[in-house]
Amino acid sequence: MVSLYDMIQNNTGAAFAWSGTNIGSHPCSWKGVTCAPNASSTITAISLRKFSISTPDVFPLLCGIKSLESLDLSDNQLSSIPDGFIAGCGGIRGLRVLNLSSNFLTGPLPRFRQGFGALESLDLSKNNLPGIAGLQLDSLSSLKSLNLSSNGFVGPIPVSLGKANALSELRLSDNGFEGEIPSQIVRYGNLTYVDLSFNELSGSIPESLGDLSRLDTLILSGNSLNGSIPHTLGKIKTFSRFAANQNAFVGSVPVGLTTYLINVDLSFNRLNGTIPLTLLSPPNLQYVDLSNNNLEGSIPTTMSSSLNRLRLGNNYLFGPIPGKPFRSLQNLTYLELENNHLNGSIPVELFLCQNLALLNLAQNELTGSLPVQVVNLPNLEVLKLQMNHLVGEIPRDISNLSKLQRLNMSWNSLTGSIPDSISSLKNLANLDLKENKLNGSIPKSISTLNRLLELELGNNRLSGTIPQMPIQLQIALNLSHNLFSGTIPTTLSALSALEGLILPPPKPGPNSQPMPSKRKLSVAVVIGVALAGFGAALFLFITLSIWKAYYHSGENASSSSQPPQVVRGKLLTANGLHKSCIDFKKAMEAVTETSNIVLKTRLSTYHKAAMPSGASYLVKRLNYSHKIIQFEQNSGRFGREVERLGKLSNSNIMTPLAYTLTADSVYLFYEFPPAGTLYEALHHHGSSKLDWGSRYSIAIGVAQGLAFLHSSSSSSPILLLDLSSKTIMLKSLKEPRIGEIEVYNLIADDPSKGTGNLSTVAGSVGYIPPEYAYTMKVTMAGNVYSFGVVLLELVTGKPAVSQGTELAKLIVSSKSGEENKWGDIILDFDESKTSVAAVRRRQMVSVMKVALACVSVSPEGRPKMKTVLRMLLNAN
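Last residue of the sequence shown: 1097 in our numbering, with the numbers rising by one and none dropped.
Pasting the structure below:
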């Protein structure tokens, strides 16, 4: 153990996990070491999880401990399994558990030819193991649990997994396994858990799977499976979870499928027919997702009182929403029936579901008024009723919904005024009441909604003066097409974080000036022009992006301020050329000249800095410098984080080469991207030069970079606070580089959890996943959504927001996501119908399918980036 102590210390340095451990003490007292509960103090288990180990030399030392029953080396930086591992650790007769997950292992799957006779659990998940998994594991006679998920395996599903057929858990998700689900899998009669999700599987589900009498969980999501769902699955009495979403299943949902189930997800398939009358009624059923299919008919009138989530949106259901079954659904938390053909009034029984947190009835044909009983839902966080035919007034007691974060009642025929009580909804982040017949004035107290990020009141009959707005507005403010009078408050110019502003134009007057011709205008400019007065009859729709993404050289006058003094400057790169070229003093001189600004985002300001050597670098000032400097002073977090990022090696991400700290600012240095940003290449001059070959190369490159970031540190993936075509730089028209990789980990409140809370909205308008608006948490699934929007830009040529409408929402909500409607959406690069053009068209259709999977409204329904990358590589 002393040798092991020394080796780990020498390998991990400052990250040494046994720091402070008395090397003279008995190893049983060391972190991660477990001994037998007897006087012998025999070591039976060692867990070196998150010990930052990268050397394979640790294996011979560990395999020399012959009393081991459990060995855990997960969440380290191991890149290979040494040749002597099988012979060494295979000789440990009592070894039952081996966990090498969440490393960087490459090379073929080792063949366990000798030893390991007692091994029951093998976990090699979250590595980079490639190739075919065939007979390598067949000698593991005691194997009960196998986890090979999140690797690069290809070929057929392995069926030689231990000669004793003792296997009970099989996890093979997130690989490239292909072909059909083998019927031989039923040989393993003890199977309780099978996860084959996010592979390339095709064909139908074998009927014989119904013979797995102990099966508890079957997950088949994210494949290309087709055919009908076998009715035999409904006969398994132990069956509690079935997920087969994101496939191509057809036919009807089998009667009796949910007899024993607790959780069923069949969303994003092609299922048709009606929902069986008894499907929702089994007493144990808690979670049902049948959304995004072709189901028709009415909603069943009998439901289990255990239901927690019911998702039936994006189908062709019709008829009224039945009220009776909701009287006893006290556990119901999520109810989503959007985008169907439901009619009639909203039943008051819905509001007896006291635990409802999300109610989505949008895009139906509902009539009548919103029942006042809606205010009796104390836990409601999201209420979406847009695009119906609702009339009447907004309930006066809406303030009772104290947890409400998102309220959308747009595109109805609501009348009356906006109740003053709406200002009591202190958690409200999004309020959308546009396209109604509301009158009266905007409550002056609306300025007290300190968490409001988006306010949409356009196309109503609101009058009076515009009051002061909430200072935290960031996504959009829409006041257009109303009957306001008076002047626009100058306080609107203080909304510095606002990205979209939609205001009535000024009424031309004797002192008014022509509208400035710059492509981008600041909020202050808009306010200054609009102060001349309102047009009383005609209102123009003015959509201004306050993102201010592009400030080209020469647009601004030079500044004469003194260069900031460097408090600390450090080179991060090992590249000798960069080391000799980067001059911190010259860089600070360059950032004082506003003519050197090449790009501005809400998070950063980019400067072009020419060095004495003639080389140019991109120098970025972080807009959250005050917070970062505070972190650095308190914990040294900034320095550690950028040094970690500087060591990353991937051609599709922008890694920092150096950094400087001044008294009040933080600057990072990068290679200068000669081709600008993807946004400019797609939507500005020269975009016609971006052919499909270039676009596809960019898609692959960005996917590779994002997959790398999500897996670069298995215990704490690198997440992006803002991924858009504006934060993707181009080394050339086929070589993208993802920018802003460091921002999230530097400003999130708790990045160590990978989902730290944020005090600012994450992302750019059009790229923000729906759940961010009320969770305010950045996730890998959220990054996947943003990437999906980028794919839509590449395939359609349209920007993420066009004339006030988000591209992803437009395509998904209008059912333009159906393949037979893509003719007018996908770009056409070649009018001639050659064979080459046909191949290219098929590839574009495949990429479109990937994009739509990425922008799924459900975070759980989005594929992981490694799967997205594989899907793009296989696009043809």
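Idealized CB from N, CA, C, for every residue including glycine.
**Request:** Pull up the distance between the alpha-carbon of residue 735 and that of residue 445, whole angstroms please.
**Result:** Because the pLDDT of residue 735 is 40, which lies under 50, any placement of that residue in the model is unreliable, and the number read from its coordinates should be weighed accordingly. When rounded, the distance between both Cα atoms is 57 angstroms.
**Message:** Closest to residue 627 by C-alpha separation, out of 621, 615, 648, 641, would be which residue?
**Reply:** 648
**Message:** Rounded to whole angstroms, what is the Cα-Cα separation between residue 466 and residue 455?
**Reply:** Cα-Cα distance, rounded: 17 angstroms.
**Asked** In terms of alpha-carbon separation, which member of 822, 832, 834, 833 lies closest to residue 844?
**Response** Looking at the Cα atoms, 822 is the closest of the given residues.
**Message:** Checking the sheet assignment: what are the DSSP bridge partners for residue 562?
**Reply:** The partner list for residue 562 (beta bridge, DSSP) reads 539.
**Message:** So, at 7 angstroms on beta carbons, what are the nonlocal neighbours of residue 920 in its own chain, with the 5 sequence-adjacent residues on each side left out?
**Reply:** 1012, 1015, 1068, 1093
**Request:** Pick helix, strand or coil for residue 345, following the three-state DSSP scheme.
**Result:** coil
**Message:** Here's the rule I'm using: 16 or more other beta-carbon atoms within 10 Å means buried, otherwise exposed. How should residue 523 be labelled?
**Reply:** With fewer than 16 neighbouring CB atoms inside 10 Å of its own CB, residue 523 falls in the exposed class.
**Secondary structure, beta strand (DSSP E): runs of 3+ residues fully inside the stretch 300 to 324** = Counting only runs of 3 or more residues that sit fully inside the stretch 300 to 324, the beta strand (DSSP E) segments are 318 to 320, in chain order.
**Asked** What is the DSSP secondary structure of residue 818, counted as helix, strand or coil?
**Response** strand
**Prompt:** Nearest to residue 1087 by CA position, among 306, 961, 819, 927, is which residue?
**Reply:** Comparing Cα-Cα distances from residue 1087 to each of 306, 961, 819, 927, the minimum goes to 927.
**Request:** Return the chain-ordered list of same chain residues with a C-beta closer than 6 angstroms to the C-beta of residue 550, the five sequence neighbours on each side being excluded.
**Result:** 528, 574
**Item:** Pairwise C-alpha distance: residue 298 and residue 406
**Value:** 33 angstroms
**Prompt:** Roughly how many angstroms separate the alpha carbons of residue 876 and residue 285, rounded to a whole number?
**Reply:** 40 angstroms
**Request:** Determine, using beta-carbon pairs with one atom in the stretch 943 to 962 and one in the stretch 894 to 907, whether at least three such pairs fall under 8 angstroms.
**Result:** yes
**Item:** Proximal residues to residue 1082 (C-beta, below 7 angstroms), its chain only, five neighbours per side dropped
**Value:** Cβ neighbours of residue 1082 beyond the five flanking positions: 466, 467, 488, 489.
**Request:** Count the other C-beta atoms from every protein chain shown that fall within 10 angstroms of the C-beta of residue 244, then say buried if there are 16 or more, exposed otherwise.
**Result:** exposed
**Asked** In whole angstroms, what separates the C-alpha of residue 987 from that of residue 1033?
**Response** 13 angstroms
**Message:** If you reduce the DSSP assignment to three classes, tell me which class residue 988 lands in.
**Reply:** Assignment of residue 988 by DSSP, reduced to helix, strand and coil, places it in the coil class.
**Prompt:** Using the C-alpha atoms, what's the distance from residue 387 back to residue 328?
**Reply:** The straight-line gap separating the alpha-carbon atoms of residue 328 and residue 387 is approximately 27 angstroms.
**Item:** Minimum C-alpha distance to residue 938 - residue among 255, 956, 324
**Value:** The shortest C-alpha separation from residue 938 is found at 324.
**Asked** Given 8 angstroms as the limit, is there contact between the stretch 437 to 452 and the stretch 468 to 477, that is, 3 or more CB pairs closer than that?
**Response** yes
**Request:** Using 10 angstroms around the beta-carbon of residue 491, count the other beta-carbons present and answer buried if the total reaches 16, otherwise exposed.
**Result:** exposed
**Item:** Proximity of residue 457 and residue 434 at Cβ, strictly below 8 angstroms
**Value:** yes
**Asked** Cα separation between residue 222 and residue 373?
**Response** 35 angstroms
**Message:** Quick check: the Cα distance between residue 556 and residue 581, rounded to an integer number of angstroms?
**Reply:** 6 angstroms
**Request:** Specify, as a first and last residue, the run of the alpha helix (DSSP H) that residue 284 falls within.
**Result:** 279 to 284
**Prompt:** Is residue 338 helix, strand or coil by DSSP?
**Reply:** Correct three-state label for residue 338: coil.
**residue 777 versus residue 816 - alpha carbon distance** = Bear in mind that a pLDDT of 39 at residue 777, under 50, signals an unreliable position, so the number given afterwards is only what the model happens to contain. Their Cα atoms are separated by approximately 6 angstroms.
**Request:** Mind reading off the beta-carbon distance from residue 576 to residue 540? Whole number of angstroms is fine, and I expect it under 8 angstroms.
**Result:** Rounded, the Cβ-Cβ distance is 26 angstroms, inconsistent with contact.
**Prompt:** Helix, strand or coil: which one does DSSP assign to residue 468?
**Reply:** coil
**Prompt:** Hey, would you say residue 660 sits closer than 8 angstroms to residue 634, going by beta carbons?
**Reply:** no
**Message:** Can you check which of these residues, 885, 639, 941, 511, is closest to residue 998 by C-alpha distance?
**Reply:** 941
**Asked** Terminal residues of the continuous alpha helix (DSSP H) containing residue 438?
**Response** Run containing residue 438: none in the alpha helix (DSSP H); it sits in the beta strand (DSSP E), 438 to 440.
**Message:** Cutting at 7 angstroms between CB atoms, please list the residues of its own chain near residue 596, excluding the five before and the five after it.
**Reply:** Counting only Cβ-Cβ distances below 7 angstroms, and skipping sequence neighbours, we find 616, 618, 619, 621, 622.
**Message:** Going by C-alpha to C-alpha distance, which of 808, 520, 347 sits closest to residue 545?
**Reply:** Comparing Cα-Cα distances from residue 545 to each of 808, 520, 347, the minimum goes to 520.
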